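Q:
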Amino acid sequence: MTSRKGTSHKGTSRKSDARVTPAIVAALLFAVAIASALVRLAELLPFANWWQAAVNPDVGVYAQILVHDSFLPRLAVALLAGGALGLSGAVFQQVLRTPLADPSTLGVSAGAYLALALATVWVPGLAISAREVIALFGALAAFALVFIVALPHRLSPLSLILAGLVITLVCGAVSAAISLFYGMGLTGLFIWGSGSLNQNDWSAVSHLAPRLALCCVSAGLLARPLALLSLSDESARSLGLSLFAVRGLSIVIAILLAAFTVSAVGVIGFVGLAAPVIARTAGARRLLPRMIWSVLIGSALLLAADEALQQASRVMREIPAGAATAFLGVPLILLLLKRLHPAEVHFDLEAVPCNRRPARWLAAAAVIFLGLVWLSLSIGPSLHGWTFSTPAQAQALMIWRLPRLAAAAAGGVLFALSGTVIQRMTGNPMARPELIGVSTGAALGILLLVVSTPIVTPASQLLAATAGSVISLLLILALARRGEFRPDQVLLLGVALNTAFVALITVMLGTGLPRIYGLLQWMAGSTYSVTPMQAVIAVFVAVLGLAVTPLFARWLDLLPLGGAPARALGLNLSLSRAALLVLSAFMAAAATLLIGPLSFVGLMAPHMARALGFQRALPQLLAAAILGPLIMTLADFIGRVALFPNQLPVGIVATLIGGPYFLFLMRRRVA
Amino acid sequence: MMRRRPLLGGLLASLAPLRLLHAEGFAAASQAGAPSIAALDWGLAETLLSLGIVPVAVPAPSWYDRYVVDPALPGSVVDVGLLFSPNFELLRELSPDLILTTPGLQAAVPMLQRVAPVYSLNLFQAGPDTLAISEQATLALADRIGIRAEGDRLVGETRLVLAASRQQLSGRVNGPVLVASPLDDRHVSLFGANSLYGAVLRAVGLTNAASGIGGEFVIAGLETLGGYADATVVLLETPAAPGMAKRLVSSRLWQTFPFVREGRLHLMAPVLGSGGLPAASRFARLLGEALTGEGSSSP
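So the protein sequences, as listed, match chains E and R.
Heads up, the numbering used here is the position in the first sequence plus 125, with the first residue counted as 1.
Heads up, the numbering used here is the position in the second sequence plus 57, with the first residue counted as 1.
(1) If we count the other Cβ atoms within 10 Å of its Cβ and call it buried at 16 or more, is V387(E) buried or exposed?
(2) Measuring straight from C-alpha to C-alpha, what distance separates G236(E) and S252(R)?
(3) Using a cut-off of 8 Å between C-beta atoms, extract the partners of D431(E) located in chain B.
(4) Determine which residues of the segment 139-163 of chain R have a Cβ less than 9 Å from any Cβ of chain E, and write them out in chain order.
(5) Name, please, each residue of chain R whose Cβ falls closer than 9 Å to the Cβ of V184(E).
(6) Run down chain R in chain order and give the residues with a C-beta less than 9 Å from the C-beta of G536(E).
(7) How about L210(E) and G423(E): do their beta carbons lie closer than 7 Å?
(8) Which partner residues of H244(R) appear in the DSSP bridge assignment?
(9) Anything in chain R within Cβ reach of E443(E), meaning under 7 Å, just list it in chain order.
(10) Here's the rule I'm using: 16 or more other beta-carbon atoms within 10 Å means buried, otherwise exposed. How should V498(E) be labelled?
(11) Please list, in chain order, the residues of the segment 514-526 of chain E that have any C-beta partner in chain R closer than 8 Å.
(12) Would you say N325(E) reaches chain R, if we count a Cβ-Cβ gap shorter than 7 Å as a contact?
(13) Which word fits F340(R), buried or exposed, when buried means at least 16 other C-beta atoms lie within 10 angstroms of its C-beta?
(14) Check distances from the C-beta atoms of the segment 750-768 of chain E to those of chain R and list, in chain order, the residues that come in under 7 Å.
(15) Classify H732(E): buried if its beta carbon has 16 or more other beta carbons within 10 angstroms, exposed otherwise.
(16) Alpha carbons only, please: which of I524(E), V271(E), H278(E) is nearest the one belonging to V661(E)?
(17) Indicate whether at least one CB of chain R lies closer than 7 Å to the CB of S133(E).
(18) Whole angstroms is fine: what's the gap from R405(E)'s alpha carbon to S331(E)'s?
(19) Which residues in chain R have a C-beta closer than 9 Å to the C-beta of Y238(E)? List them in chain order.
(20) Determine the extent of the alpha helix (DSSP H) in which H732(E) is found, giving its start and end residues.
(21) In the DSSP assignment, the alpha helix (DSSP H) including M712(E) goes from what residue to what residue?
(22) Does any residue of chain E have a CB that is nearer than 7 Å to the CB of V236(R)?
(23) Determine the extent of the alpha helix (DSSP H) in which H332(E) is found, giving its start and end residues.
(24) Under 7 Å, Cβ to Cβ, is there at least one residue of chain E near H244(R)?
(25) With distances taken between CB atoms, is the gap from L155(R) to I94(R) smaller than 7 Å?
(26) May I have a chain-ordered list of the alpha helix (DSSP H) segments no shorter than 4 residues that lie completely inside the segment 172-243 of chain R?
(27) Do we get a CB-CB distance below 7 Å when we pair D122(R) with the residues of chain E?
(28) Compute the distance between the beta-carbons of A288(E) and V271(E), then report whether it is under 7 Å.
(29) Along the chain, where does the alpha helix (DSSP H) containing V271(E) start, and where does it finish?
(30) Between V230(R) and the rest of its own chain, which residues show a CB-CB distance below 7 Å, the 5 nearest in sequence each way excluded?
(31) Quick check: is the beta carbon of L204(E) nearer than 7 Å to any beta carbon in chain R?
(32) For a contact defined as C-beta to C-beta under 7 Å, what are the partners of L171(R) on chain E?
(33) Can you tell me the Cα-Cα spacing of A379(E) and F217(E), whole angstroms?
(34) Taking a cut of 9 Å between CB atoms, which residues from the segment 203-221 of chain R lie near chain E?
(35) Could you tell me which chain E residues have their CB closer than 7 Å to the CB of V137(R), listed as they occur along the chain?
(36) Measure from the C-beta of P174(R) to each C-beta in chain E and report whether the shortest distance is under 7 Å.
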């Protein structure tokens, strides 16, 4: 247990002693957790036998073995995992300079999850016997990718966060595809993904303890140089610090801490985020004390959460600890956003020569698009192999191929327009519509609907998605107004919403309820069951977007110039940003309803349009609105035929095309 | 062997191969003009087979083979894709007379109706009268296809199988029975009264040890099994975690469970938990075999 001596700590000496200190927080959490554990222990075993059960249990007595092989290792694992995640989070937040970073930010959990999913499907025997090794491999492989992508940017915080996010999304898309194919067969994986701390021997503890100890010591040694990282890059460099080396080493240690933990106990959300934030809020300002308190608070937090869940399981079904801590984290993130000051430079806009013959290029793109549509409508596998239909035959197939294609293309138009607006508004070519959190809001709405009612109709789905996106939009508007809709803040809000959403899905999957699998289909962005009527509506909305967005072309030309010049040219910054945000959000919400929350088309289309030399707002909008549906048509075609008769959702295919494209761009572009 | 087995047990034993023959007979008939039906759910497919009709199309048949096992799916059945996204174009090519779905596939119904008439029904619904619902749904299905007599036969046969197992098990099991299924090396599903397994336990006159479970099933830590001190445990293998049940046996905690020490643990082959009457029969039959140690394979 912790002592009270932390109260006299230097970092808090300014404040009065009556204030909350990290020691009080940790002590309180520990006290509650240990009291609960003692109550449960007393129910299992009389006090006289406690010592014997702990040290040398009688193999003939079930209760003694239960205490020794299940109760005690579970306590130990909670302490170890919580502490490791807390420390990992503290280091990440220091390196990435944002309190929103946590160990999963850099793709660790998603990578481990994907590796286990692949193993479960291909080598189920191995997935059972070598789970830790496989998960560890996946976690490290995902991080290695993030590292490679962020390397040209000298591991700058933003490059790490963005690369981590993209790899998380791509890994998530592949995992989702696997879940679609093998839904029920993956319940074991889903449970692992929701971070259950159940133990039935000491193997996880003896596996974790030495590795984590080594990482802790290394992190402690790095604390001094790491503390200087909170200065800006320039001033840290002027102190003779090898920024690159310190950043790289610290990240590797933090990653190892997280990867070991994830591989041993599964995905546990938000402890890594919450512990360092609580430590800092409670007064641990300097880095080394903050690291130490993060370990203790992380341990106490996870232990207390797990104890609370075990007490609660007397009256309800047991929830895995990782899932529960994820829920606790959502309000915490929203609180945090109020105090956020991300002072990060954006990627510079690339100077591309202006396109001299825009009309010719647009015409060429349009012809390619139409050709692709024709091909996609005519070609397809059937019972007797591939067939190419004549126009007359294709007419009969039209009803099956055209609606889904039209919906996918309409979604492509909307995401492309939405993405162009966001990218021009934020001046950030890496911004995507999903990042403003609106599509995530829509997905959350549908998720909650499916969980709360037994029968889901298309109409109620539409309603739930719209409600979800409007609520998250209002939330973002309310929170972002404070910062004059500063682009980076809006993006971070989106990241936070995404994180919460992923946690929620994980929990749902962990329940093992069959109806969740049907939902996965939509999550993955499927246009599979689109009716002709829905397709007509989708095209109508896309045309509407095409008609309205060009009206904002002047604002979109001015905003990328930056705040001051735009204002000098007579632009009301708050008003124009809010209006564009609303426009972009509504288009993103409509697109999400069509093709699900996942897709990179909103990033790719505007970016390719710029790369082709469409610099000004209007040409870029038009070019993106052709390229977007082109990508989606291709994705729809691939999804329909690649694994026939099985069908890959268009959102997953688009993510698999767009994710690598994004990473390639990031790697090439040196900020 | 026969002399120790109760009369109904013998009847049950002779029923199993008979039913298979029956299905084969109808497979031949279906080519001769029986209705061609696509069954977009494994429970529907097994029921259809037991009604004597071979479906033309079933999603993910390789998974049917692992989850349902019996009645076996003939090789002629076409794979129409994934469980929640059957391939419309392929279905159109097969042009069945009728498409059977569950309410879970609601979103696809408008498009499916362009292929053929759609009949949507729930053969399994978690609740206190699962078997009654399943019987009604089976009869409704038989009515819809116009083979009421086959429906009555299947309901009757299922009742016979349950009664046979009841007789076979009567007086042979002391204390309650817990049905569990391993998910990984630390977690199991425990099946409550509202599950298909719970319904069968009731029908064959056994007490469900997990009577406190409200829903169909709960996922619990392995250690909770030790709390069922007086229970006989039936550990259902799942196709999802092959060989897991055997793996658990090696842990020390497992060895201290009362039902392991006292020899009240029985491993059992997979049974589709969301199936209809054929799944209930299969579970009852396997249960009788496992708990009495008598196989019913030799007539």
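Just so you know, even glycine gets a beta-carbon here, dropped at the ideal spot from N, CA and C.
Since we're looking at a predicted model, the values are computed, not measured.
A: Result, derived from the coordinates:
(1) For the purposes of this step, residue 387(E) is identified with residue 262 of the first sequence, where counting begins at 1. Label assigned to V387(E): buried.
(2) Counting from one through the first sequence, the residue named residue 236(E) turns up at place 111. Counting from one through the second sequence, the residue named residue 252(R) turns up at place 195. Those two C-alpha atoms are separated by around 35 Å.
(3) As a matter of chain content, chain B is missing from the structure shown, whose protein chains are E and R.
(4) L139, L140, F141, S142, P143, N144, F145, E146, L147, R149, E150, L151, P160, G161, L162, Q163
(5) Looking up residue 184(E) in the first sequence gives position 59. Near V184(E) (Cβ distances below 9 Å), the residues of chain R are R309, Q312, T313.
(6) Locating residue 536(E) in the first sequence gives position 411, where the first residue counts as 1. None at all; the shortest Cβ gap to chain R is about 17 Å.
(7) Walking along the first sequence from the start, residue 210(E) turns up at place 85. Walking along the first sequence from the start, residue 423(E) turns up at place 298. Cβ atoms of L210(E) and G423(E): closer than 7 Å.
(8) On the second sequence, position 187 is the one that residue 244(R) refers to. Looking at the DSSP assignment, H244(R) forms a beta bridge with G278(R).
(9) Locating residue 443(E) in the first sequence gives position 318, counting from the first residue. Ordered by position in chain R, the residues that pass the 7 Å Cβ test against E443(E) are A277.
(10) Residue numbering aside, residue 498(E) sits at position 373 when the first sequence is read from its first letter. Per the 10 Å Cβ criterion, buried.
(11) L522, I524, W525, R526: these are the residues of the segment 514-526 of chain E whose beta carbon lies less than 8 Å from some beta carbon of chain R, given in chain order.
(12) Against the first sequence, residue 325(E) aligns to sequence position 200. It does: the Cβ of N325(E) has a partner Cβ on chain R nearer than 7 Å.
(13) Mapped onto the second sequence, residue 340(R) falls at position 283. Buried.
(14) Of all residues in the segment 750-768 of chain E, none places a beta-carbon less than 7 Å from a beta-carbon of chain R.
(15) Taking the first sequence and counting its residues from 1, one reaches residue 732(E) at position 607. Flag for H732(E) reads buried.
(16) The count along the first sequence starts at 1 and reaches residue 661(E) at position 536. Considering only alpha carbons, the answer is I524(E).
(17) Within the first sequence, the letter at position 8 stands for residue 133(E). Legend: pLDDT at S133(E) = 39, less than 50; position of this residue unreliable, value from coordinates given subsequently. Cβ-Cβ to chain R under 7 Å: no for S133(E).
(18) Residue 405(E) sits at position 280 when you count from the first residue of the first sequence. Residue 331(E) sits at position 206 when you count from the first residue of the first sequence. Those two C-alpha atoms are separated by around 31 Å.
(19) Within the first sequence, numbered from 1, the residue matching residue 238(E) stands at position 113. None at all; the shortest Cβ gap to chain R is about 14 Å.
(20) In the first sequence, counting from the first residue as 1, residue 732(E) sits at position 607. For H732(E), the enclosing alpha helix (DSSP H) has its first and last residue at 726-736.
(21) Within the first sequence, numbered from 1, the residue matching residue 712(E) stands at position 587. 698-720 is the extent of the alpha helix (DSSP H) around M712(E).
(22) To locate residue 236(R), count along the second sequence from 1; it is residue 179. Answer no: the Cβ-Cβ gap between V236(R) and chain E never drops below 7 Å.
(23) Your numbering for residue 332(E) matches position 207 in the first sequence. Counted as a single uninterrupted DSSP element, the alpha helix (DSSP H) harbouring H332(E) occupies residues 328-352.
(24) Stepping through the second sequence from its first residue, residue 244(R) is reached at position 187. Look at H244(R): its C-beta is under 7 Å from a C-beta on chain E.
(25) Here residue 155(R) corresponds to residue number 98 of the second sequence, with the count starting at 1. Here residue 94(R) corresponds to residue number 37 of the second sequence, with the count starting at 1. Taking 7 Å as the Cβ cut-off, L155(R) and I94(R) qualify as a contacting pair.
(26) As far as the segment 172-243 of chain R is concerned, its whole alpha helix (DSSP H) runs of at least 4 residues are 187-202, 205-226.
(27) Within the second sequence, the letter at position 65 stands for residue 122(R). Closer than 7 Å: no.
(28) Numbered from its first residue, the first sequence carries residue 288(E) at position 163. Numbered from its first residue, the first sequence carries residue 271(E) at position 146. It is a contact, given that the beta carbons lie within the stated cut-off.
(29) Along the first sequence, one-based indexing puts residue 271(E) at 146. Here the alpha helix (DSSP H) through V271(E) covers 256-275.
(30) Translated into the one-based positions of the second sequence, residue 230(R) becomes position 173. When the five nearest sequence neighbours on each side are left out, the beta carbons in the same chain lying within less than 7 Å of the beta carbon of V230(R) are those of L263, T289, L348, in order along the chain.
(31) Against the first sequence, residue 204(E) aligns to sequence position 79. No, no contact with chain R.
(32) As a working note, residue 171(R) is residue 114 in the second sequence. The identity of residue 171(R) in the sequence shown is Arg, whereas the question assumes Leu. Residues of chain E passing the Cβ test: I524.
(33) Taking the first residue of the first sequence as 1, we reach residue 379(E) at position 254. Taking the first residue of the first sequence as 1, we reach residue 217(E) at position 92. Near 7 Å, if we compare the C-alpha coordinates of F217(E) and A379(E).
(34) none
(35) Taking the first residue of the second sequence as 1, we reach residue 137(R) at position 80. Within 7 Å Cβ-Cβ: P770.
(36) Numbered from 1 along the second sequence, position 117 holds the residue referred to as residue 174(R). No - not a single Cβ of chain E is within 7 Å of the one on P174(R).
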